[in-house]
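Residue numbers (this note's numbering): 20 to 404.
Virtual Cβ for every residue (Gly too), placed ideally from N, Cα, C.
This report refers to the structure that appears directly beneath it.
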């Protein structure tokens, strides 16, 4: 098939096309706000390049609301770009701070670890406080950043909605500092040994907080019930913290919208909690059951386990006899369709009698239902006990 012939433009047509291509006069007629809106359709890297075209575009970039595109600082090159953006593109809305690279660190903050400061004295320091110029930040992620000490300037973003801090081992801060984020909706903190504070201090954000995840931060303390009246809270994970409390204190009007929860073993009835007395178990299991029934979510505690403490006067050692199963000192829930209960078991899967929390179904009406068949199957698995 022969190639199509290109249409040949007449001289007047060609001249008109050249005029339409990129007439500087036409561009100059655009209002600065219009240019800023156009820039807002591009990721920050592209806007930083376009701002170099002329002074008008450079000024427009300063008022551009940057879209929710993540800009990651994980190298010296990206740090340099970010430092420039603090004045050239100050309306950045999302930022991730990581490690700056080999033999580089962020300038030591207040009250640094002196030994670490001495070890890294020859590292090239970078100023992390410059990000405080991003006054419109909505999301901030600090992950594995080489930080040492306190950095108060990082806790004053009035529009911040999501904060994630992970694997920043020598970053020192307190939960009370979160008051600098009056619109905070999601808090996600992991592996931060120098984070301190009382969980109750989050109450200043009770009307905005929806998700709170604080994992493996042993210096976080307080009573989890201090968050019971947060009206929007849907996720609460305090695993591996030093938070205390008692699940039996949960009332009908507490944690009304919770969809996911993990409480540490330092809470009576928390995940992996160790009972001191066997007699404590029924009241704790019943409290958790009432909570699940109220929330209409029986999966809320499906992966929780509880144990009898070795310090308990009810503890006894196993017989190590092939004909006698090991001691059943683990507690978990068991479910037969819509019917829920709890039971003691051992690590070999041998179960004790089930303590049902739901009433027994009508055997006349439900004798042949799948619920009854499921119940019979569970009963057949009950072991030696």
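query	result
Note the first and the last residue of the continuous beta strand (DSSP E) segment covering residue 234.	230 to 234
Under the rule that 16 or more other beta-carbon atoms within 10 Å means buried, what is residue 66, buried or exposed?	buried
With 16 other CB atoms within 10 Å as the buried threshold, where does residue 41 fall?	Only weak support is given to the placement of residue 41: the predicted model assigns it a pLDDT of 49, under 50, and the value that follows is read from those uncertain coordinates. Exposed, by the Cβ-count rule.
Go ahead and label residue 169 buried or exposed: buried means 16 or more other beta carbons lie within 10 angstroms of its beta carbon, across all protein chains shown.	buried
Contact check, residue 279 vs residue 325 under 8 Å by CB: the rounded distance?	The pair is not a contact, with the Cβ atoms about 19 Å apart (cut-off 8 Å).
Using the three-state DSSP reduction, which class does residue 153 fall into: helix, strand or coil?	coil
Tell me whether residue 129 sits in a helix, a strand or coil according to DSSP, three-state version.	strand
Which partner residues of residue 326 appear in the DSSP bridge assignment?	293 and 349
Among the residues of its own chain, which have a CB less than 6 Å from the CB of residue 319, if the five just before and after it don't count?	311
So, helix, strand or coil for residue 145, using DSSP?	strand
Would you give the residue range spanned by the alpha helix (DSSP H) that residue 78 belongs to?	74 to 81
Straight-line CA distance for residue 107 to residue 85?	12 Å
When DSSP builds the beta bridges, which residues end up paired with residue 432?	Outside the shown range of the chain, which is 20 to 404, sits residue 432, and nothing can be said about it.
With three or more beta-carbon pairs closer than 8 Å as the criterion, would you say the stretch 132 to 139 touches the stretch 108 to 118?	no
Residue 379 to residue 359, Cα distance in whole Å?	10 Å
List the DSSP bridge partners of residue 374.	361
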